[in-house]
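J.: Quick one: this structure, given as structure tokens, is what I'll be asking you about.
Number of protein chains: 2
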Amino acid sequence: MGRPKQFDPDVAVGKAMDVFWRKGYAATTPQDLVDELGIGKGSLYNAFGSKHALFERTLERYRDTQSAALVELLDQTGPVRPLLRSALELLIETDLGPSGRRGCFAVNTATELGGRDDASTELVRRMFERTEGAFKAAVERGQRTGEFAPDRDADAVASLMLAALVGMRVIARAQGGRERLHRIVDAVLDAL
Amino acid sequence: MGRPKQFDPDVAVGKAMDVFWRKGYAATTPQDLVDELGIGKGSLYNAFGSKHALFERTLERYRDTQSAALVELLDQTGPVRPLLRSALELLIETDLGPSGRRGCFAVNTATELGGRDDASTELVRRMFERTEGAFKAAVERGQRTGEFAPDRDADAVASLMLAALVGMRVIARAQGGRERLHRIVDAVLDAL
DNA sequence: CAAATTTTGTACCTACAGGTAAAGAAAGAG
DNA sequence: CTCTTTCTTTACCTGTAGGTACAAAATTTG
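Residue numbers (the numbering used here), protein chains in the order written: chain C, 669 to 860; chain W, 669 to 860.
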């Protein structure tokens with residue numbers, strides 16, 4: 669009962685995610701959110717409680733969409749090497765595409781709030797772990813099918829792939845050129 | 669002539685660097701700076717002009733100390749593999765040491781301001797390029813001396829090393845464990 | 001020592017961050 | 001058709017961000 673909301677909270681969280689993703693947590697103001705969500709400040713605070721609470725919801729949204737999409741991609745069957753290549757190249761195109769060099773929301777959050785906001789840090793840590801796990805599973809598949817050398821430590825390779833992926837997206841934000849990003853992908857696949 | 673400063677501006681820039689490094693640009697307030705530098709607000713603005721101008725000076729300081737130190741380390745003569753290992757492991761210890769998981773100031777700045785503050789973005793971009801150049805030179809040395817396989821593209825390997833380094837430091841900020849960081853180093857050296 | 005120059009401390013300012021309060025509007029319950 | 005509940009709007013509030021202004025203090029020059 670009661671008056672129904674005039675906006676869809678799920679849509680609003682998505683828009684808020686875009687703002688936080690582009691500007692970061694500290695640089696995003698209530699006014700920014702009001703402008704981009706197209707709702708009043710009262711509704712904003714009534715629906716989400718605080719800037720920080722909304723921020724956490726956007727991080728969860730990121731995990732459940734972007735981060736999850738990558739993991740699903742990596743979990744696909746079939747030849748592993750082209751799978752890894754297309755996954756990494758997709759991220760390059762995303763970072764260089766029309767949304768424009770906003771990098772990875774989880775990475776941005778790690779460097780802005782890591783160690784200073786426990787909830788956010790923990791969310792990011794788990795996303796990294798999940799991604800690394802997906803890389804590890806892919807590498808092990810490749811090793812079983814003989815695509816990759818079987819003697820390399822899958823854990824170590826997966827950790828390297830996570831680090832390279834994270835590094836790539838930071839470099840993209842710092843105006844790293846497309847060629848440089850592709851070289852990273854080439855080198856990491858050559859390392860298998 | 670005129671009254672001499674009661675503080676050493678170079679020391680002050682160093683202290684300001686620590687603050688910005690820990691908290692980021694947006695989250696650092698004039699009050700934070702006044703507290704940590706131990707000077708009045710009047711002196712602060714008289715000496716440095718604005719928060720942003722001071723921030724740029726701290727980034728330059730970072731480039732001329734931390735970033736330059738890594739490049740110098742990598743430029744040393746002698747066996748290359750242990751050199752690379754000790755350089756990367758030094759960063760791990762730095763990130764996990766008593767100063768505590770503040771990551772890399774350049775990386776933090778890239779993700780906070782990349783694409784939104786031209787001067788900072790450009791400074792970071794150049795630091796990344798310099799570091800990559802030092803990696804490349806080291807790899808080429810290793811190839812000449814027969815330490816590394818000579819057929820691999822030194823540019824690509826250097827780009828990968830930069831990305832792995834950057835990724836490592838982000839992961840460190842997100843509470844990544846010591847073992848994970850060491851695995852990354854192992855994997856990247858195995859890739860040579 | 002007076003004049004000129006620079007630094008320092010204190011006070012002050014405007015705008016906005018991050019919300020809260022209160023009253024009215026829109027739904028369902030009885 | 002009133003009562004209750006929830007949402008919306010508008011107004012308001014406190015604290016601080018990011019500086020500026022100005023007088024007093026400390027130095028060099030002549």
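C-beta: ideal position from N, C-alpha, C; glycine also.
With a threshold of 7 Å between beta-carbons, can T789/C be considered close to chain W, or not?
T.: Yes, because at least one Cβ of chain W sits closer than 7 Å to the Cβ of T789/C.
J.: Does DSSP classify F675/W as helix, strand or coil?
T.: DSSP places F675/W in coil when its eight states are reduced to three.
J.: Round the Cβ separation of A790/W and L830/W to the nearest angstrom and send it over; I've been treating them as touching at under 8 Å.
T.: Inspection of the sequence shows that residue 790/W is occupied by Glu rather than by Ala. That belief does not hold up - the Cβ atoms of E790/W and L830/W are roughly 17 Å apart, past 8 Å.
J.: When the distance is taken between beta carbons, is A832/C closer than 7 Å to V807/C?
T.: Not a contact, by the Cβ cut-off of 7 Å.
J.: Using alpha carbons as the reference points, say which of V856/C, L860/C, P818/C and T777/C lies closest to A840/W.
T.: The option with the nearest alpha carbon to A840/W is T777/C.
J.: In three-state terms, what does DSSP make of E780/C?
T.: If DSSP states are grouped into helix, strand and coil, E780/C belongs with the helices.
J.: Go through the region 779-858 of chain C residue by residue and report every complete run of the alpha helix (DSSP H) that reaches 4 residues or more, in order.
T.: For the region 779-858 of chain C, whole alpha helix (DSSP H) runs of length 4 or above, ordered along the chain, are 786-812, 822-841 and 846-858.
J.: Pick helix, strand or coil for G863/C, following the three-state DSSP scheme.
T.: Given a span of 669 to 860 for chain C in the structure shown, any question on residue 863/C remains unanswerable.
J.: If I follow the unbroken alpha helix (DSSP H) through D700/C, where does it start and stop?
T.: Unbroken alpha helix (DSSP H) run through D700/C: P698 to L705.
J.: Could you check the C-alpha separation between D785/W and V792/W for me, to the nearest Å?
T.: D785/W and V792/W: Cα-Cα distance of roughly 11 Å.
J.: Exposed or buried, E780/C, counting other C-beta atoms within 10 Å across all chains shown (16 or more means buried)?
T.: Classification for E780/C: buried.
J.: Applying a beta-carbon distance threshold of less than 9 Å, which residues of chain C neighbour F816/W?
T.: Those within 9 Å of F816/W in chain C number zero; the least Cβ separation is about 12 Å.
J.: What's the gap between the Cα of S788/W and the Cα of L738/C?
T.: Taking the straight line joining both Cα atoms gives about 30 Å.
J.: For a test of the three-state rule: what should DSSP assign to L860/W, helix, strand or coil?
T.: In this structure, L860/W counts as coil in the three-state DSSP scheme.
J.: Can you confirm whether L828/C, when its beta carbon is compared against all beta carbons of chain W, has any partner nearer than 7 Å?
T.: Yes - at least one Cβ of chain W is within 7 Å of the one on L828/C.
J.: Taking 7 Å as the CB-CB cut-off, is R848/W touching chain C?
T.: Closer than 7 Å to some Cβ of chain C, the Cβ of R848/W qualifies, so yes.
J.: Grab the span of the alpha helix (DSSP H) containing T733/C for me, first residue to last.
T.: Unbroken run through T733/C: none, as it is neither H nor E.
J.: Excluding sequence positions up to five away, which residues of its chain have a Cβ less than 6 Å from the Cβ of V714/C?
T.: Contrary to the premise, residue 714/C reads as Asn rather than Val in this sequence. Taken in chain order, the list of residues that qualify is empty.
J.: Starting from R841/C, find everything on chain W with Cβ-Cβ shorter than 7 Å and list it in chain order.
T.: Under the 7 Å cutoff, chain W gives A778, T779, G782 and G783.
J.: Compare the Cα-Cα distances from T813/C to each of P698/C, V748/C and G783/C and report the closest residue.
T.: Taking only the C-alpha atoms, the option nearest T813/C is V748/C.
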